[in-house]
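Q:
2 protein chains.
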Amino acid sequence: MVTPGGARPKLSRELIVTKARAIADASGLDALTLRELAHALGTGQASLYRHIADRRELLGLLVDDVALEFPTADPGLAPRERLLKVWLDLHAFLSAHEWVAKVIAEGEYISRNAAPFAQRQLDSLTGAGLGTEDAMRAYRTLYNLLLGFLLNKHPMGHHLEAVPPSTEDEEFRWAVSRFLDCLLPGEPPQGQ
Amino acid sequence: MVTPGGARPKLSRELIVTKARAIADASGLDALTLRELAHALGTGQASLYRHIADRRELLGLLVDDVALEFPTADPGLAPRERLLKVWLDLHAFLSAHEWVAKVIAEGEYISRNAAPFAQRQLDSLTGAGLGTEDAMRAYRTLYNLLLGFLLNKHPMGHHLEAVPPSTEDEEFRWAVSRFLDCLLPGEPPQGQ
DNA sequence: ACCTGAACACCGTTCAAGT
DNA sequence: ACCTGAACACCGTTCAAGT
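As they're listed, the protein sequences go chains A and B. Take the first sequence: its position 156, counting from 1, is numbered 173 in the numbering used here, and each next residue is one higher. Take the second sequence: its position 48, counting from 1, is numbered 65 in the numbering used here, and each next residue is one higher.
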């Protein structure tokens, strides 16, 4: 419950992260300045530094917060469909928060909260018949493929495109499908 | 020939781009400020604006300049090997200029000079048996895959890696190889 | 002891004054 | 007419002064 006119809730890391996410989602990464953030929280810029080390750390906290909402796979699906769905879900989710990919690209963050997601995908991949090393490589490939699609809004040479306009979403689905087709042993695609 | 003590060569777009690339290559994108650039050119900041519209345009010019050096394929190779080699070459080239991927990721640039490269890759892909639409999708996939590998230095969940340390180079080779294997019709990999 | 307004050292960009 | 030092409006970060 927000106290309307009286005392503000005490400033905290959580409060900062929540407000910062709201600003980034609404207005983009560039609009997320420490001045704007402090103002939106009704405090001074210097006060933020009692809870975060610097902007870099704040961005890391934001990514970590978003990572909590990464999709989980439907265990009822077959391996290939389960993998496909989860990566399409993640693509859709991160497309709705485009600042996340930018933060990952510009910094060197290690998101603790993304580890369970990674582990689940590795399990899916080994469960589909891959060795541990191939599973790791496949995971990194899928992740880097996703990052590339999220960041590259104007693929170079785009002005060559005479082809029917397919959405980024369709293109990502095509790419992941093709990759899974060749990656997973046995189990041919059999039209769908 | 640089005139040592006397008159400087007249400022030009070319001179600005050359010096800017040198700074970015040597010290990274953050070090490429208009102040530093002007200083390195022995002129004032305001003078730069007589040749470029703003920093954004400068970065676009830089990418365009780099694109002139994108690799060309060896026509003597078979389609699959030709494609593999050219994308590994491009990966190696852009790894040596890491600021390029960052510029592409943060801006929305359309590099005119990258168009011939794109066209050659499309030709290789159709030459390998793909339809025009699939060739376009394959090109975008390869390009986005490359961008993801260049930008993502710490793939999320990296602290899971118990697997033998493979270099980014090897991982990219693995990813492209696998993708080409499933993409190109006929012509099985047949061990190598 | 805890908080924070005001300052500091940057940045990209503009403008008015110099030649 | 062309060039550019100095200023402007920002930014992240720090510090000294307030409670």
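For glycine and all other residues, C-beta sits at the position ideal for the given N, C-alpha and C.
Between which two residues does the alpha helix (DSSP H) containing residue 115 (chain A) stretch?
A: Translated into positions along the first sequence, residue 115 (chain A) becomes position 98. Looking at the DSSP string, residue 115 (chain A) is not in any alpha helix (DSSP H), and its letter there is neither H nor E.
Q: Helix, strand or coil for residue 160 (chain B)? Go by DSSP, reduced to three states.
A: By one-based count along the second sequence, residue 160 (chain B) stands at place 143. Residue 160 (chain B): helix per DSSP, three-state reduction.
Q: In chain order, which continuous runs of the alpha helix (DSSP H) of length 4 or greater are located wholly inside the stretch 23-106 of chain B?
A: Runs found: 30-44, 51-57, 62-65, 72-84.
Q: Can you tell me whether DSSP reads residue 122 (chain A) as helix, strand or coil?
A: Looking up residue 122 (chain A) in the first sequence gives position 105. Helix.
Q: Along chain A, which residues have their Cβ under 7 angstroms away from the Cβ of residue 166 (chain B)?
A: Working through the second sequence from its first residue, we reach residue 166 (chain B) at position 149. 161, listed in chain order.
Q: On a CA-only basis, which of B:49, B:72, B:83 is nearest residue 113 (chain B)? Give me that one, please.
A: Taking the first residue of the second sequence as 1, we reach residue 113 (chain B) at position 96. It is B:83 whose Cα lies nearest to the Cα of residue 113 (chain B).
Q: Mapping the DSSP letters down to three states, classify residue 147 (chain B) as helix, strand or coil.
A: The residue given as residue 147 (chain B) occupies position 130 in the second sequence. Correct three-state label for residue 147 (chain B): coil.
Q: Assuming residue 165 (chain A) and residue 124 (chain A) form a contact by the criterion Cβ under 8 angstroms, report the distance between their Cβ atoms to the nearest whole angstrom.
A: On the first sequence, residue 165 (chain A) is found 148 positions in, with the first residue counted as 1. On the first sequence, residue 124 (chain A) is found 107 positions in, with the first residue counted as 1. 17 angstroms between Cβ atoms; not a contact.
Q: Closest Cβ-Cβ distance between residue 154 (chain A) and chain B: below 8 angstroms?
A: Residue mapping note: residue 154 (chain A) aligns to position 137 of the first sequence, counting from 1. Taking Cβ atoms only, chain B reaches closer than 8 angstroms to residue 154 (chain A), which makes this a yes.
Q: Identify the contact partners of residue 143 (chain B) in chain A, using a Cβ-Cβ distance below 7 angstroms as the criterion.
A: Taking the second sequence and counting its residues from 1, one reaches residue 143 (chain B) at position 126. Result: empty, since nearest Cβ-Cβ is about 12 angstroms, beyond 7 angstroms.
Q: Between the Cα of residue 141 (chain B) and the Cα atoms of B:168, B:197, B:119, B:63, which residue gives the shortest distance?
A: Residue 141 (chain B) sits at position 124 when you count from the first residue of the second sequence. Here the closest residue by C-alpha is B:197.
Q: Exposed or buried, what is residue 67 (chain A) when buried is set at 16 or more other beta-carbons lying within 10 Å of its beta-carbon?
A: Numbered from 1 along the first sequence, position 50 holds the residue referred to as residue 67 (chain A). Classification of residue 67 (chain A): exposed, given that the 10 Å Cβ count is below 16.
Q: Taking the Cβ atom as the reference point for each residue, do residue 201 (chain B) and residue 97 (chain B) lie within a distance shorter than 8 angstroms?
A: For the purposes of this step, residue 201 (chain B) is taken as the residue at position 184 of the second sequence. For the purposes of this step, residue 97 (chain B) is taken as the residue at position 80 of the second sequence. For residue 201 (chain B) and residue 97 (chain B), yes; Cβs fall inside 8 angstroms.
Q: Less than 7 angstroms between C-beta atoms, sequence neighbours within five positions excluded: which residues of the same chain meet that for residue 104 (chain A)?
A: Residue 104 (chain A) sits at position 87 when you count from the first residue of the first sequence. Closer than 7 angstroms at the Cβ level, and outside the excluded window around residue 104 (chain A), lie 159, 163, 193.
Q: Is the beta carbon of residue 121 (chain A) less than 8 angstroms from the beta carbon of residue 161 (chain B)?
A: Within the first sequence, residue 121 (chain A) is the residue found at index 104, counting from 1. Within the second sequence, residue 161 (chain B) is the residue found at index 144, counting from 1. No, Cβ-Cβ distance for residue 121 (chain A) and residue 161 (chain B) is not below 8 angstroms.
Q: Hey, is residue 198 (chain A)'s beta-carbon within less than 8 angstroms of any beta-carbon in chain B?
A: If you number the first sequence from 1, residue 198 (chain A) lands on position 181. Judged by the 8 angstroms Cβ criterion, residue 198 (chain A) is in contact with chain B.
Q: In or out: residue 138 (chain A) buried (at least 16 other Cβ within 10 Å) or exposed?
A: Counted from its first residue, the first sequence places residue 138 (chain A) at position 121. With 16 or more other Cβ atoms within 10 Å, it is buried.
Q: Taking C-alpha atoms, which residue in A:126, A:143, A:110 lies nearest to residue 75 (chain A)?
A: Residue mapping note: residue 75 (chain A) aligns to position 58 of the first sequence, counting from 1. Selected option, being the one with the closest Cα: A:126.
Q: Going by other Cβ atoms of all chains shown within 10 Å of its Cβ, with 16 needed for buried, is residue 56 (chain B) buried or exposed?
A: What you label residue 56 (chain B) is simply residue 39 of the second sequence in a count that begins at 1. The residue in question, residue 56 (chain B), is exposed, as its Cβ has fewer than 16 Cβ neighbours within 10 Å.
Q: Closest Cβ-Cβ distance between residue 98 (chain B) and chain A: below 8 angstroms?
A: Locating residue 98 (chain B) in the second sequence gives position 81, where the first residue counts as 1. Answer no: the Cβ-Cβ gap between residue 98 (chain B) and chain A never drops below 8 angstroms.
Q: The stretch 72-105 of chain A: which residues have C-beta closer than 8 angstroms to a C-beta of chain B, in chain order?
A: Cβ contacts with chain B come from 84.
Q: Let me see if you follow: with CB-CB separation under 8 angstroms, is residue 209 (chain A) close to chain B or not?
A: Against the first sequence, residue 209 (chain A) aligns to sequence position 192. The pLDDT assigned to residue 209 (chain A) is 39, lower than 50, so where the model puts this residue is not dependable; a value taken from the coordinates is nonetheless given after this. Not closer than 8 angstroms to any Cβ of chain B, the Cβ of residue 209 (chain A) fails to qualify, so no.
Q: Please decide whether residue 125 (chain B) counts as near chain A, where near means a Cβ-Cβ distance under 8 angstroms.
A: What you label residue 125 (chain B) is simply residue 108 of the second sequence in a count that begins at 1. Interface residue, yes.
Q: Nearest chain B C-beta to residue 191 (chain A) closer than 8 angstroms, yes or no?
A: Looking up residue 191 (chain A) in the first sequence gives position 174. Yes - at least one Cβ of chain B is within 8 angstroms of the one on residue 191 (chain A).
Q: Using CA coordinates, which residue listed in A:45, A:49, A:54 is at the minimum distance from residue 29 (chain A)?
A: For the purposes of this step, residue 29 (chain A) is taken as the residue at position 12 of the first sequence. Comparing Cα-Cα distances from residue 29 (chain A) to each of A:45, A:49, A:54, the minimum goes to A:54.
Q: Would you identify the three-state DSSP class for residue 133 (chain A), choosing helix, strand or coil?
A: Residue mapping note: residue 133 (chain A) aligns to position 116 of the first sequence, counting from 1. DSSP places residue 133 (chain A) in helix when its eight states are reduced to three.
Q: Mind listing which residues of the stretch 59-73 of chain A have their C-beta closer than 8 angstroms to chain B's C-betas, in chain order?
A: Listed by position along the chain: nothing, the set is empty.
Q: Quick one: what's got a C-beta closer than 7 angstroms to residue 117 (chain B)'s C-beta in the same chain, skipping five residues either side?
A: As a first step, residue 117 (chain B) must be located in the second sequence, where it is residue number 100. 80, 83, 111.
Q: Exposed or buried, which one is residue 129 (chain A) when buried takes at least 16 other CB atoms within 10 Å?
A: Here residue 129 (chain A) corresponds to residue number 112 of the first sequence, with the count starting at 1. Exposed, since its Cβ has fewer than 16 Cβ neighbours within 10 Å.
Q: Kindly indicate if chain B contains any beta-carbon less than 8 angstroms away from that of residue 119 (chain A).
A: The residue given as residue 119 (chain A) occupies position 102 in the first sequence. Closer than 8 angstroms: yes.
Q: Once DSSP output is grouped into helix, strand and coil, what is the label at residue 201 (chain A)?
A: Taking the first sequence and counting its residues from 1, one reaches residue 201 (chain A) at position 184. It is coil, neither helix nor strand.
Q: Determine the direct distance from the alpha carbon of residue 94 (chain B) to that of residue 155 (chain B), and round the result to whole angstroms.
A: Taking the second sequence and counting its residues from 1, one reaches residue 155 (chain B) at position 138. Taking the second sequence and counting its residues from 1, one reaches residue 94 (chain B) at position 77. Going from the Cα of residue 155 (chain B) to the Cα of residue 94 (chain B) covers about 19 angstroms.
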